[in-house]
Amino acid sequence: MKRQRTWLYLLFWVVVSFLTLFPIYWLFVISVKPAVELFSTPEVILSSVYWKNYVDVINDETLRGYMMNSLVISTGNAVLVTVLGFLACYALSRFDLGGKESIFFWTITNRMAPPAVFLLPLFLLLTQVYKFGDFTLLDTKIGMILVYCTFNLPFAIWTLRPTIDGIPKELDEAAFVDGASAWTVITEIVLPLARPGLAVTLILTWVFAWNEYLLAATLTNFNARTLTTGLSEYVTTTGTEWGVMAAISMFTLVPALIVFSLVQRHIVAGLTFGAVKG
Amino acid sequence: MAGVNIDDVYKRYGSVQVMHGVSIDIEDGEFVVLVGPSGCGKSTLLRMLAGLEPISDGTIKIGEKVVNEVLPKDRDIAMVFQSYALYPHKTVAQNIGFPLKMAKRPKAEIDEKVGRAAEILDLTKYLDRYPKALSGGQRQRVAMGRAIVRDPKVFLFDEPLSNLDAKLRVSMRMEIKELHQRLKTTIVYVTHDQIEAMTMADKIVVMRDGRVEQIGAPLDLYDNPQNVFVAGFIGSPSMNFVKGRIDGANGTRQFVSEGGLVLPLPAQASVAVGQEVIYGIRPEHISIGEGGVAMDVVVIEPTGSETQVFARSGTDLIDAVVKDRIAARPGEKIGFHIDLSRVHLFDGKTQQRL
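Heads up: the protein sequence lines correspond to chains A and B, in order.
If you read the first sequence in the working numbering, its first letter stands for residue 1, the second for the next number, and so on.
If you read the second sequence in the working numbering, its first letter stands for residue 1001, the second for the next number, and so on.
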C-alpha cells in the first residue's frame, strides 16, 4: 500500500516536472537547429546539434551590451529595493509612527493597476521632471533601476514586513541593554535573522526586473536596452529569427539560475527558533 | 555597584496615566523584588529603569547619576528577560560575550570572562551550541551569563523564572540568590509570584495599579501588612478576611461578621464598638481542637506535611493550615482556635490597617 503510494507520488512529480521543463527543452531544441529545419517535421530527440545560433549571439556585441544592461539593472534594483525595503520594514515594525498601517497599505496601491497605466507618468517623470540640463533619466540604467523601484519597493515592503515583525522586539531590547547602538542592533541582530526573507525578496525583485519587457521597451532606446527588449529586434519585416531568439532565451535563463542557486541556501526557515520561549 | 533611586515617577500613555508617583529607594547591593498582580506596573517600572520605556515625570538615579535621558547602553545595567531574549544566530559563547564585544573589549578578555561565567553557571560544555539546542533551564542560565559577564552596576530581572517548571524554578531561585550573595550587586527583580518575592528579597515592593502599596522586608510585610491588598497578596495560602463590625453587647468587645460569625479580638486592639472592620487571620495561625470557634468542615486537603481545612459558618468560609492530620469529615463540626497575637484588623472602608 505504502509502496504504491510512493509510486503515485513519483509519477505525479515526473508529470509535473515534464510539464514545467518541456518548454525549456523545446526552446533548447529550437536554439540548436538551423532555420531551414525549424519548419520541417518536429523532432523531439535531437539527431544533430547546430551551435551557430549561440556563436552568433556570443559574437554580437550589441546583445552582450543588452545582457550587461539587464544584469546591472536587475541586480542594482534588487539590492536597492531589498535594502530600502528592509529599513522601511524595520521602521514600520519597531517604531510608533502615526498612521503606519495606512502607510503600509497605501504603498502597495501602485501594484493594483497594470504597469501600462504608469507608462505615461513615468515617461514624463524621466524626461521632464528629473532633468539636469540636457541630461534626462530616459534610456539610462539608473533611470530604469529607479523605475523598477516604484513597483518593486512596495512589493519588498509587503514581503519583508512579516519577517521583521516575526523577529521578537525583545532581541532588540536585549541588545540595547547589552550596549549596542541602533545601527548595531540592525546589522548584528535583525539583519542576520531576516536573511531568509531578504533572500526571497532579492530573488523575486531580481526576477521581476530581469523579465520585465513593457517598461524597458518604452523607456529605453539603446543605452539601457535590456535583453528582453533585445529579443524583439529579431522579429523583422523579413521574418523572425526563431533560432537566434531561442539561443538568447537560453542565455537569459543562465543568470537567473545562478542567482537562484546563490540565494536559495539562505532561505532556511525556523532560524529564530530558540530566541525566546514561545 | 550602585544604589537606585526612583523619585515620584509617573508614566502616561496619551491621556491614560498608568504610574502614579512611584518612589523607591534601593540601597547599594540590595536585592529588591517588585511584586504585584498582572498590570500593576512592575514590568513597566523595570523597563523605565532599563531605559527601554521613557518616563513621563519624576527622576530615576542609578548611583549618583540621573538617567532619565540616558540610553540603555549607557546606563551600565544588565537585564534578564522573561523570554530570555537569546540571540538565536549566535552560539552560547557569542551570546554571553556580546555585551563585552559591544564594549570593544579585547578578544582574550572576552574569552576569559565568558569562560568564567560559563563555569559559574555550569555552561562550559555548551559554549559552542546554539540556543535552540538548549533546554529551558540552560537558556535561562545563558541569559544570566550574558548579564553577569559585564559586571554591571545593577541587574534587572523581568520574571526570569516564569517559563520554567516548578522544580527547576526552585533550583534557579536558589542559584540566583547564591549569585547575589557572591556578586553583591544591586538587583531589581520583577515577579508576580509572592513566594519568589518572599524567599529571595532583602526588600519587597508591593505594587497595585501603578502605585506602591507597601515597601518592606519580607517578614515585615508578612507580619505587618499595611492594608488588605498586601495582607492578601503576601503569604500562601492567602490570609482569611471576614467583613463585619465590633460588638460590645456583653461588656467584652468581639467581632461579629455580616453572616453572624463571632470571632475573638486581641485585648489591645484599638477599635471602637460599632466600627466596621475587616478581620484578617492567616490560615497557619489557626489551630484545631476542642472548643474555640465552631465551624462546619467543607473540604479537607492533606498534602502530607500539613493539612488545609476549609470550614464554613453561615456564609463565612475560613481555611486553616495545620501540621496535624485531621480525621474530621465534611459536614462535621470542628473547633478553630485563633492565635490572637496574629489577628490583623483593617478599616472596613479604607481597608487600611487599624
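The beta-carbon is built from N, C-alpha and C at its ideal position, and this holds for glycine as well.
Practice problem: For B:Pro1152, I'd like the list of residues in its chain whose CB is within less than 8 Å of its CB, leaving aside the five on either flank, ordered along the chain. | Solution: Asp1076, Ile1077, Ala1078, Thr1185
Self-check item: Test: A:Phe95 CB closer than 7 Å to a CB of chain B
Solution: No - not a single Cβ of chain B is within 7 Å of the one on A:Phe95.
Quiz item: Does any CB atom of chain B fall closer than 7 Å to the CB of A:Glu101?
Solution: no
Quiz prompt | Between the CA atoms of B:Thr1059 and B:Val1066 - distance to the nearest angstrom | solution = 7 Å
Exercise. Kindly indicate which residue of A:Pro255, A:Val254, A:Leu227 has the alpha-carbon position closest to the one of A:Glu61.
Key: A:Leu227
Practice problem: To the nearest angstrom, report how far apart B:Gly1003 and B:Gly1041 are at their CA atoms. | Solution: 21 Å
Quiz item: Does the beta carbon of B:Phe1157 come closer than 7 Å to any beta carbon on chain A?
Solution: Taking CB atoms only, B:Phe1157 has no neighbour in chain A less than 7 Å away.
Practice problem: Report buried or exposed for A:Tyr148, applying the criterion of at least 16 other Cβ atoms within 10 angstroms of its Cβ. | Solution: buried
Exercise. Give the residues of chain A in contact with B:Pro1072, contact being defined as C-beta atoms less than 7 Å apart.
Key: Neighbours of B:Pro1072 on chain A, chain order: Phe176, Val177.
Quiz item: Taking Cβ-Cβ distances below 8 Å as the criterion, which residues of the region 192-203 of chain A are in contact with chain B?
Solution: Pro192, Leu193
Quiz item: Exposed or buried, what is A:Ala247 when buried is set at 16 or more other beta-carbons lying within 10 Å of its beta-carbon?
Solution: buried
Quiz item: Any beta-carbon of chain B closer than 7 Å to the one on A:Leu122?
Solution: no
Quiz item: Under the rule that 16 or more other beta-carbon atoms within 10 Å means buried, what is B:Asn1224, buried or exposed?
Solution: exposed
Quiz prompt | Beta-carbon spacing of B:Tyr1279, B:Val1242 below 7 Å | solution = The answer is yes: Cβ separation under 7 Å.
Quiz item: Shortest alpha-carbon distance to A:Thr140 belongs to which of A:Tyr9, A:Trp7, A:Leu219, A:Leu21?
Solution: A:Leu219
Practice problem: Take the Cβ of B:Gln1138 as the centre, count every other Cβ of all protein chains shown within 10 Å, and call the residue buried at 16 or more, exposed below. | Solution: buried
Exercise. Note the first and the last residue of the continuous beta strand (DSSP E) segment covering B:Tyr1010.
Key: 1004-1013
Quiz item: For A:Phe104, which option in A:Ser47, A:Leu153, A:Trp51 has the closest C-alpha, if you only look at C-alpha atoms?
Solution: A:Leu153
Quiz item: Would the beta-carbon of B:Val1080 fall within 7 Å of that of B:Phe1031?
Solution: The beta carbons of B:Val1080 and B:Phe1031 sit no closer together than 7 Å.
Quiz item: If you draw a straight line from the C-alpha of B:Val1018 to the C-alpha of B:Gly1274, how long is it?
Solution: Straight-line measurement puts the Cα of B:Gly1274 at about 37 Å from the Cα of B:Val1018.
Quiz prompt | Helix, strand or coil at B:Thr1059 [DSSP, three-state] | solution = strand
Self-check item: Simplified DSSP state of A:Ala112, which is helix, strand or coil
Solution: As written in the sequence, residue 112 of chain A is Met, which differs from the Ala given in the question. The answer is coil: DSSP assigns A:Met112 none of H, G, I, E or B.
Quiz item: Any idea if A:Gly230 is buried or exposed, counting beta-carbon neighbours within 10 angstroms, 16 or more meaning buried?
Solution: buried
Quiz item: What do you get for A:Arg265, buried or exposed, if any count of 16 or more other CB atoms within 10 angstroms of its CB means buried?
Solution: exposed
Quiz item: Which runs of the beta strand (DSSP E) fall wholly inside the region 1038-1109 of chain B and span at least 3 residues, in chain order?
Solution: 1057-1062, 1077-1080
Exercise. Assuming A:Ala209 contacts A:Ile73 (C-beta within less than 8 Å), just tell me the rounded distance between them.
Key: 6 Å
Exercise. Report the residue ranges of all beta strand (DSSP E) runs contained in full by the region 1286-1343 of chain B; include only those spanning at least 3 residues, in chain order.
Key: 1286-1302, 1307-1313, 1316-1322, 1333-1338
Quiz item: Mind checking if B:Ala1103 is an interface residue toward chain A, Cβ cutoff 7 Å exclusive?
Solution: yes
Quiz prompt | Distance between beta carbons of B:Lys1349 and B:Glu1276, contact taken as under 8 Å | solution = 7 Å
Practice problem: Can you grab the Cα-Cα spacing for the pair B:Ile1204 / B:Ile1234, in whole Å? | Solution: 10 Å
Exercise. Round the Cβ separation of B:Pro1160 and B:Gln1140 to the nearest angstrom and send it over; I've been treating them as touching at under 8 Å.
Key: 6 Å
Quiz item: Exposed or buried, what is A:Glu325 when buried is set at 16 or more other beta-carbons lying within 10 Å of its beta-carbon?
Solution: Given a span of 1 to 278 for chain A in the structure shown, any question on residue 325 of chain A remains unanswerable.
Quiz item: Expressed to the nearest angstrom, what Euclidean distance is found between the alpha-carbon atoms of B:Gly951 and B:Ser1056?
Solution: With chain B covering only 1001 through 1354, there is no way to say anything about residue 951 of chain B.
Practice problem: Measuring only between beta-carbons, confirm whether B:Ala1118 sits less than 7 Å from chain A. | Solution: no
Quiz item: Who are A:Thr136's beta bridge partners in DSSP?
Solution: A:Lys131
Exercise. From the DSSP output, read off the bridge partner residues of B:Gly1280.
Key: Per DSSP, B:Phe1241, B:His1344.
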